[in-house]
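Protein chains: 2
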Amino acid sequence: MPILRNIGLLARCLPAGPQGEIHPIPRAALAWNEGVIRWIGSDRDIPSEYRDWPTDDAGGRLVIPGLVDSHTHLAFGGWRADEFEQRLRGRTYLEIATAGGGIGRTVAQTRATPTRELVGRCRGFLTEMARLGVTTVEAKSGYGLSVEEELRILEIYRDLSGGSQRLVPTLLAAHTIPTQFRANRDDYVRLVIEEIVPRAARGGLARFCDVFVEESAFTLAEGRAILGAGLAHGLRPKIHADQLSDGGGAALAAEVGAASADHLEYVSESGIGAMARAGVVAVSLPFATLYLGARPMPARRCIEAGVPVAVATDFNPGSAPSYHLPVAMTLACTLQRMTPAEVLKGATIIAARAIGLEEEVGSLEEGKSADFALIDADSVEQWLYHLRPNACVKAVARGREIASGPGSPSQ
Amino acid sequence: MPILRNIGLLARCLPAGPQGEIHPIPRAALAWNEGVIRWIGSDRDIPSEYRDWPTDDAGGRLVIPGLVDSHTHLAFGGWRADEFEQRLRGRTYLEIATAGGGIGRTVAQTRATPTRELVGRCRGFLTEMARLGVTTVEAKSGYGLSVEEELRILEIYRDLSGGSQRLVPTLLAAHTIPTQFRANRDDYVRLVIEEIVPRAARGGLARFCDVFVEESAFTLAEGRAILGAGLAHGLRPKIHADQLSDGGGAALAAEVGAASADHLEYVSESGIGAMARAGVVAVSLPFATLYLGARPMPARRCIEAGVPVAVATDFNPGSAPSYHLPVAMTLACTLQRMTPAEVLKGATIIAARAIGLEEEVGSLEEGKSADFALIDADSVEQWLYHLRPNACVKAVARGREIASGPGSPSQ
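Read top to bottom, the protein sequences are chains B and Z.
Sequential numbering of the first sequence, starting at 1, is according to the numbering used here.
Sequential numbering of the second sequence, starting at 1001, is according to the numbering used here.
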């Protein structure tokens, strides 16, 4: 039952209000016990019942809700640094995939990696993410692409879920058509619908069902069928939409009531309108924009149309080989013209909504999980503008410290 | 007299050869004493005289020359995070400057900051840069803009120069026309030429003289006169050239034999040709490109024309508020289409050439300074593609360890 005092600025990030409204409290204090926030307010107004709780000193720093990375492909074998170099030399993503690279190569490398090694890698990534202040992580399958391998990855996520950092598993069996099904893609779609989705759902191994709707991956009709099967088994839909071209993915997300549509570099005006009416969250992935040299997703148009915009890493070994969410947040400012306050809400409460956890995490409110990060900066603007290796000095999840260190000090 | 063994890959980065040729030695060893490299080669071929030297184990990691940040504005007071936010909302750099922001605001904040505090801030930044593997830093004045204040900043750099990390001071009195000289700019140019340059040179306080040639700063004629005065006093020229428009800065750099022309987002084909013929280094500053939403400098065209391209941070509180050189290097890949090998040479031997230190640092060769960094990656491509908070686990300058830590592990 500690109380954190001498907080220079506490950003509550309540669900209400516009995306740029972070509900700040200057000179604040925060009390929690049993993993739950009990009281938040001005340091001058601490109620008597909390005054003798053990005190920690925030040193005048910034406190934010624990960051939520709402889109990662956490479990994968190998890397693809050589493809990064080839893309810089002018080869396209599709040329590389056709020549045996791309997602298909990571599928082969993942299948060849023992479970214990995959678990160790994921654990390493999660530890590094915690140091950056990330307390909740969505993690997709999608480098298995067979019944056994997709379930193996989801089981890895289940086994990693015991800690204080939250892990939200998403089934992405529909990541791409596996090589051996290229000639008879319908068979793979049927396998996903009739076997993989039901078994993942029955085992309680996934909360969401995701589909990559794109010319090189799944059609709108296939996506609709797979997401329908997911819904029938209790898995909420998510869509990789309109990343390389406007394929109508945003409209499909609205039609099926998806929690989020992700990427959206090429989303149309009508797609944005449909998402706004249906309450779909847009998940922006600025690392993929940067690494693929793509055009940025239209974050400003989304926000103006009433679509909340989350910011996530898309961490994967191809188009977004970084788990550094704060750098992705700075990129969301510079590439997508979001303000630091909008980006902070996009990596906390809006990200929580994108993965269905908005009742538990993503904002600092009495009754919610005590998930927060202590940032060495005096404002959100200063934090995200002064890009440093790591400005987080402490991360707390379910009331327990999960990471701490000197961070990169503000000067 | 230690010897570092079990190096997975050692990138020598010799001055010769194309920009993408980093002269790698796999399974290498590196011996040094008295701050100087004595032997480099394959771990199997260590000569008998080094075999009983105290051994350190590189753990199979990558060893690179100590990074050289060849363009920073290290000493400044205050920050300008609020202007970052205003630019994201659509205000232009020039609008903000006209309203009392921009360089002029940092000048006022710097003048108001006590010397001891400025020294402390610089020391903090240098420590963080060392952790990233940066062993040499160029540092410009330019937030003083009066005789006393410009000399005060250069004296701060002199006082910081005692350590193992090298600091190269540049006089940038011609950063912008100070407010009180707006009506009579010739008087300020005369002050720079007749007072500031001679006094900085006489005191041995600067090696380079730099001018910001741009519509909003100094004309070509003013730049030519100031750089000429610098040359007459033994200061080598550098130019902030063609950042916001093609102002002929690259051609002027060639004309006066500048060590480097920096920025170059809008450099013309003829400017590139002139630089190639004169042997001027192009210093690319991808953070400024990112933060100002500008078009990237044409690195590929420069390299093809025979102009070596350095990569630096431009660290300053306005357009490039980050000292994270490895992130700037990844941005040079993604924004400027340079390969990781080209970028590594651009932040080592080519950067050293941009600041006149190519005989001392920037490559790993017998007889040169023992400046190197140990990176947790198995290749340069893996390091720069897998963007992490900090992949450097040890930095050595003049043979002495100046930073070490766990880094962000490779998986």
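Each residue gets a CB set at the ideal place from its N, CA and C atoms; glycine is no exception.
Fair warning: this is a prediction, and the values are worked out from it, not measured in the lab.
Taking CB atoms only, Z/LEU1088 has a neighbour in chain B less than 8 Å away. In this model, Z/LYS1394 and Z/MET1129 are separated by some 12 Å (Cα to Cα). When DSSP states are grouped into helix, strand and coil, Z/ILE1003 belongs to the strand group. From the beta-carbon of Z/PRO1024, no residue of chain B is found nearer than 7 Å; the closest lies around 14 Å away. The alpha-carbon separation between Z/ALA1250 and Z/GLY1257 amounts to approximately 10 Å. Runs of the alpha helix (DSSP H) spanning 4 or more residues and lying entirely within the region 189-252 of chain B occur at 197-202 and 220-232, in chain order. Counting along the chain, the unbroken alpha helix (DSSP H) around Z/GLY1124 starts and ends at 1115-1131.
Under a criterion of Cβ atoms nearer than 7 Å, no residue of chain B is adjacent to Z/ASP1069; the nearest Cβ is some 15 Å distant. Within 10 angstroms of the beta-carbon of Z/ALA1217 lie 16 or more other beta-carbons, which makes it buried.
Between Z/THR1176 and Z/PHE1212, the C-beta spacing is below 8 Å.
8 Å or more divides the Cβ of Z/LEU1290 from the Cβ of B/PRO321. Shown here, Z/SER1319 sits in coil according to DSSP, grouped into three states, outside any helix or strand. Of B/LEU292, B/VAL311, B/ALA288 and B/GLY293, the smallest CA-CA separation from B/ALA299 is found for B/VAL311.
8 Å or more divides the Cβ of B/CYS392 from the Cβ of B/GLY124.
By the neighbour-count criterion, in which a residue is buried when 16 or more other Cβ atoms sit within 10 angstroms of its Cβ, B/GLU269 is exposed. Under DSSP, Z/ALA1173 shares a beta bridge with no residue. By DSSP's assignment, Z/LEU1374 forms a beta bridge with Z/VAL1063 and Z/LYS1394. Relative to B/ALA206, the option among B/GLU214, B/GLY230, B/ALA221 and B/LEU191 whose CA is nearest is B/GLY230. Sequence-distant Cβ neighbours of B/GLY248 in its own chain, meaning closer than 6 Å and more than five residues away, are LEU220.
Look at B/HIS263: its C-beta is not under 8 Å from any C-beta on chain Z.
In this structure Z/THR1313 touches Z/LEU1325 by the C-beta definition: roughly 5 Å separates them, less than 8 Å. Within the region 39-107 of chain B, the runs of beta strand (DSSP E) that reach at least 3 residues and sit entirely inside it are, in chain order, 55-57, 62-65 and 67-69.
For Z/ARG1400, the uninterrupted beta strand (DSSP E) run begins and ends at 1400-1404, by DSSP. About 6 Å separates the CB atoms of B/GLU138 and B/THR170; that is less than 8 Å, so the two are in contact.
When beta bridges are read from the DSSP output, B/ASN33 appears opposite B/VAL36. Put simply, the backbone Cα of Z/VAL1283 is about 25 Å away from that of Z/GLU1155.
By alpha-carbon distance to B/GLU117, the top candidate from B/GLY77, B/GLY104, B/GLY100 and B/GLY142 is B/GLY77.
Per the C-alpha coordinates, the member of B/LEU252, B/GLY59 and B/GLN109 positioned closest to B/ALA274 is B/LEU252.
If you check the CB distance, Z/LYS1345 and Z/CYS1122 do not come in under 8 Å. Between the region 1062-1076 of chain Z and the region 1102-1120 of chain Z there are three or more inter-stretch CB-CB distances shorter than 8 Å, so the stretches are counted as touching.
Excluding sequence positions up to five before and after Z/SER1319, its CB lies within less than 7 Å of the CB of ALA1288, TYR1291 and LEU1292, all in the same chain and listed in chain order. The CB of Z/VAL1119 never comes closer than 8 Å to any CB in chain B; the least such distance is about 12 Å. The straight-line gap separating the alpha-carbon atoms of Z/CYS1209 and Z/LEU1264 is approximately 18 Å. Between the beta-carbon of B/ILE226 and that of B/VAL192 there is about 6 Å, and that keeps the pair under the 8 Å contact cut.
A residue is called buried once 16 or more other Cβ atoms fall within 10 Å of its Cβ, and Z/GLU1214 is buried on that count. When only Cα atoms are considered, B/PRO2 and Z/THR1127 end up about 34 Å apart.
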